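Remarks on the structure that follows.
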Amino acid sequence: MTLSAALGYPRIGPKREVKKATEAYWAGKLSADELQKVAKEQRLLRWQTLQQQGVDVIPSGDFTLYDHVLDFNNTFNIIPKRFADAQLSDLDRYFAMGRGHQKDGVDLEAQEMQNHYIKSEVSSSTQFKLNNLKPVDEFVEAKEAGIVTRPVLVGPITALLLGKVGRDEPNPASFDPLSLLDKLVPVYGELLQKLQQAGATEVQIDEPSLVMDSTANLGAQYQATFDALAKAAPGLKITLATYFGRLDKNVEFVAKLPIDTLHIDLDRAADQLDQVVEAVKPTSLKLSLGLVSGRNIWKNDLAASLATAKKVIDVLGQDRVVVATSSSLLHTPVTLANESRLKPEQKDWFSFATEKAAEVATLAKALSGADVSAALDANKQSIQARRDFEKNSDAAVRERLSKVTPDMYDRKSPFAQRIAAQDAVYKLPPFPTTTIGSFPQTKEIRLARSKHTKGELSTEEYEKFLENEIKHAVEFQEEIDIDLLVHGEAERNDMSQYFGEQLQGFVFTENAWVQSYGSRYVRPPIVVSDVSRPTPMTVRWSSYAQSLTKRPMKGMLTGPVTILNWSFPRADISKEVQCKQLALALRDEVVDLEKAGIFAIQVDEPAIREGLPLRQVDWNSYLTWAVDSFKLATAGVEDRTQVHSHFCYSDFGTIFEHIQRLDADIISIEAAKSDLKLLQVFQAKGYANDIGPGLFDIHSPRVPSVEEMKARAEAFLSALPDKKHIWIGPDCGLKTREWPGVKETLRRMVTVAKQLRAER
Ligand code: GLN
Ligand code: ZN
11 MTLSAALGYP RIGPKREVKK ATEAYWAGKL SADELQKVAK EQRLLRWQTL
61 QQQGVDVIPS GDFTLYDHVL DFNNTFNIIP KRFADAQLSD LDRYFAMGRG
111 HQKDGVDLEA QEMQNHYIKS EVSSSTQFKL NNLKPVDEFV EAKEAGIVTR
161 PVLVGPITAL LLGKVGRDEP NPASFDPLSL LDKLVPVYGE LLQKLQQAGA
211 TEVQIDEPSL VMDSTANLGA QYQATFDALA KAAPGLKITL ATYFGRLDKN
261 VEFVAKLPID TLHIDLDRAA DQLDQVVEAV KPTSLKLSLG LVSGRNIWKN
311 DLAASLATAK KVIDVLGQDR VVVATSSSLL HTPVTLANES RLKPEQKDWF
361 SFATEKAAEV ATLAKALSGA DVSAALDANK QSIQARRDFE KNSDAAVRER
411 LSKVTPDMYD RKSPFAQRIA AQDAVYKLPP FPTTTIGSFP QTKEIRLARS
461 KHTKGELSTE EYEKFLENEI KHAVEFQEEI DIDLLVHGEA ERNDMSQYFG
511 EQLQGFVFTE NAWVQSYGSR YVRPPIVVSD VSRPTPMTVR WSSYAQSLTK
561 RPMKGMLTGP VTILNWSFPR ADISKEVQCK QLALALRDEV VDLEKAGIFA
611 IQVDEPAIRE GLPLRQVDWN SYLTWAVDSF KLATAGVEDR TQVHSHFCYS
661 DFGTIFEHIQ RLDADIISIE AAKSDLKLLQ VFQAKGYAND IGPGLFDIHS
711 PRVPSVEEMK ARAEAFLSAL PDKKHIWIGP DCGLKTREWP GVKETLRRMV
761 TVAKQLRAER
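Spelled out as structure tokens, the structure:
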């Protein structure tokens, strides 16, 4: 018999219950017990849902109140001293590690976040021990509800590879987080024993690092680790889960590990199948086929998946094959059932987490010989309907793309000439100040938007409201003396979704939220056909903002790569083509902003780095089209128009040449919480254009002092001695913050700029 498995499931709740509860707890409106009660209800609902969909192997322990890597750190006592020493409850310490804490005299900066997870901070003083038994508790909780689950754990090697050397480490330059593996493994083994004692017969150990280059030489470490774990909990069946990429050569050592099942991702890396089957064939390993995508929202082509699975069954036999989701389903929305506005023919193209669970179950049943012909027939019809739609695409868009000429990718003059032309329009002071775009998305803004959506507020009233917000934002920036203003993005629900909603070729949903990090959820638009821009999208707001002030205004757009990476892309054409279609649409918007008299235009590309393929050999081809798309979007303007770009994650050392090739006049980058290594790279490689390294972290509500930001600015300056123009701004947009903190922090930030001007 072939079993079905889900590697994980969204933890946000069908109606964002977990976000609502955690935020209420942070606001002091819900007690810790009440929060835990909501969490417990949601865990139960997840297990029951997966069971109802017919999934055989149901995960537990993957639920989280913030971030599952942070959960891992908390369970294994990877708690930096500053948090361990703080007088906080366990729950508040946990949240403090994720989002910082500033209350009742306790002032803690959050830990660094990268790619949407909290980076573990380890050091030679890290003392692993079981600080809590969350994985065991949740297993028991499910069991008591009558559902025997497969606990999910972050793998020990991946956990250390994801980490960074913490501030507690006396010799940071020579310390390697992986050197702690020998200390971590026994404690990890202890946890496996406890799971076994609680009745678990199997666990899922996630080692996504196995699809990355960093593990190529770690065969011996993997062997020793899994030998030790198998010995610690004999008889406990281990599924080693890999996802988001291909194992490549690593499969050779992975196939020798003392595990029960190897899981591979056949959505992102279908081409690895033959190699993996060949490698596991002589062993007794089971192979878990990640056929149903945990990353996209398209219906699985069940017939195609069955054909793939049958091919593997022919080699390994039915009992050695499991059909599964490609990764956890946490990156997909909870359920299609809550979508009432999608057209039925469109809804029929999609599967969200719950429907995907049903797909794996159907596949397993079909492979085990059950009659699921009705489900298969319905699926076949849906897939055919989608294929028919794809054929009817937008010829004009394709034609325009085919006529793009090489000169359209470059600005008219080199940077030095452009910046001189820009200085002639507005002579900004040294250390010019600006922000990254958004101001707080207040309750009032969200309320007005939701009333407008429901028709309780007319478009005219809503636009008046937004104008008023913009007016306040402009007045505030003038009052505190910011140099390059923004309009504040009050009109945007989300930086990617907002554009998706105005572009042709996207559809959007009502409740299809996915977790970005912590309690931040996004509702990605879905690209369903060729993309174009029917009318200007932001010109109205930027022009209005500019009409209120004599200071220069910065228009604000989300770049093509980011819109695409933060959307669910089409599966029928390449991402490159989708991205360039977007670039052309944005190019028109950029030119229209210029025509409307906007001096500077920022095109945010925070997702460029995040979209990097996992294996370095794949980077070049991705970065070529990604950078080209940005250039295509921005190069249509005159020299006098200043193009800014912004990146949230700042780890650019390895892709420096591509960042230079973007040729934005100014890039602002996240820098407040990372070390100076990155800026040193910019210095060493002679980065030609201007930079604005962020002076303060925006993920945390804490308000840094003038001295703290000044010291940081001084450090930036010393790392970038050759730069004439250093811009002063925050790490990122301020939409998640509250006004009082934003006002105070920005005031202090301007003070820092003024002090620098006076002193230098
Ligand atoms: N302009 C956007 C904002 O300020 C940028 C956000 C981001 O890069 N994530 O909100
Ligand atoms: Zn950002």
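If you read the sequence shown in our numbering, its first letter stands for residue 11, the second for the next number, and so on.
Note that CB positions come from ideal geometry on N, CA and C, so glycine has one too.
Note that the structure is a prediction, hence the values are computed from the model and not measured.
For Asp700, the beta-bridge partners assigned by DSSP are Ile676.
Short note on Phe657: C-beta closer than 8 Å to some heavy atom of ligand 2. Judged by their CB atoms, Ser70 and Thr159 are nearer to each other than the 9 Å cut-off. In this model, Met719 and Leu283 are separated by some 51 Å (Cα to Cα).
When DSSP reads this structure, Asp216 sits in a beta bridge with Val164 and Ala251.
Selection Pro535, Ala483, Lys437 and Leu727 evaluated against Gln652 yields Lys437 as nearest (Cα-Cα). Considered as a whole, the region 166-193 harbours 166-172 as its complete alpha helix (DSSP H) runs of no fewer than 4 residues, in chain order. In this structure, Lys745 has its beta carbon less than 8 Å from a heavy atom of ligand 1.
Under the three-state reduction of DSSP output, Pro69 falls in the strand class. In this structure, the C-beta of Asp614 approaches ligand 1 to less than 8 Å from one of its heavy atoms. Distance from the CA atom of Ser412 to the CA atom of Ala595, rounded to whole angstroms, is 14 Å. For Glu680, the CB falls within less than 8 Å of some heavy atom of ligand 2.
The region 156-170 makes no contact with the region 102-109; the number of CB pairs closer than 8 Å stays below 3. Looking at the backbone, the Cα of Val65 and that of Glu212 are separated by about 16 Å.
For Ile393, the CB stays at least 8 Å from every heavy atom of ligand 2.
By the beta-carbon neighbour count (other beta carbons within 10 angstroms, threshold 16), Leu457 is exposed. Within the region 587-661, the alpha helix (DSSP H) runs of at least 4 residues that lie entirely inside it are, in chain order, 617-620 and 629-644. Relative to the Cα of Ala674, the nearest Cα in the group Ala395, Gly646 and Leu326 belongs to Gly646.
For the pair Arg278 and Val571, the Cα-to-Cα distance works out to about 18 Å. A direct Cα-to-Cα measurement between Val162 and Leu17 gives close to 8 Å. Here the alpha carbon of Gly751 sits roughly 20 Å from the alpha carbon of Lys39. DSSP places Glu33 in the helix class (H, G or I) of the three-state scheme. For Val691, the enclosing alpha helix (DSSP H) covers residues Lys687 to Ala694. Taking the CA atoms as reference points, Ala698 sits about 42 Å from Lys453.
Thr335: member of the beta strand (DSSP E) spanning Val331 to Thr335, first to last residue. Distance from Leu60 to Ala385 at the Cβ level is roughly 17 Å; contact not present, criterion being Cβ atoms closer than 8 Å. For Ile429, the uninterrupted alpha helix (DSSP H) segment begins and ends at Phe425 to Val435.
Judged by their CB atoms, Arg550 and Gln512 are not nearer to each other than the 9 Å cut-off.
Taking C-beta atoms as the reference points, Phe578 and Val541 fail to come closer than 9 Å.
In the same chain as Gln285, and ignoring 5 residues on each side of it, the C-beta atoms closer than 7 Å to its own belong to Val261, in chain order. Distance from the CA of Tyr554 to the CA of Ile669, rounded to the nearest whole angstrom, comes to 32 Å. One alpha carbon belongs to Arg256, the other to Ile274, and they sit about 8 Å apart. When C-alpha distances from Gln514 are compared across Leu567, Pro416, Glu485 and Ser403, the shortest belongs to Ser403. Annotation for Glu604: Val647 and Thr651 place their beta carbon closer than 6 Å to its own, counting only its chain and skipping 5 residues before and after. Of all alpha-carbon atoms in Val532, Phe516, Ser529 and His497, the one lying nearest the alpha-carbon of Gln556 is that of His497.
Taking all protein chains in view, the Cβ of Arg56 is crowded by 16 or more other Cβ atoms within 10 Å, so the residue is classified as buried.
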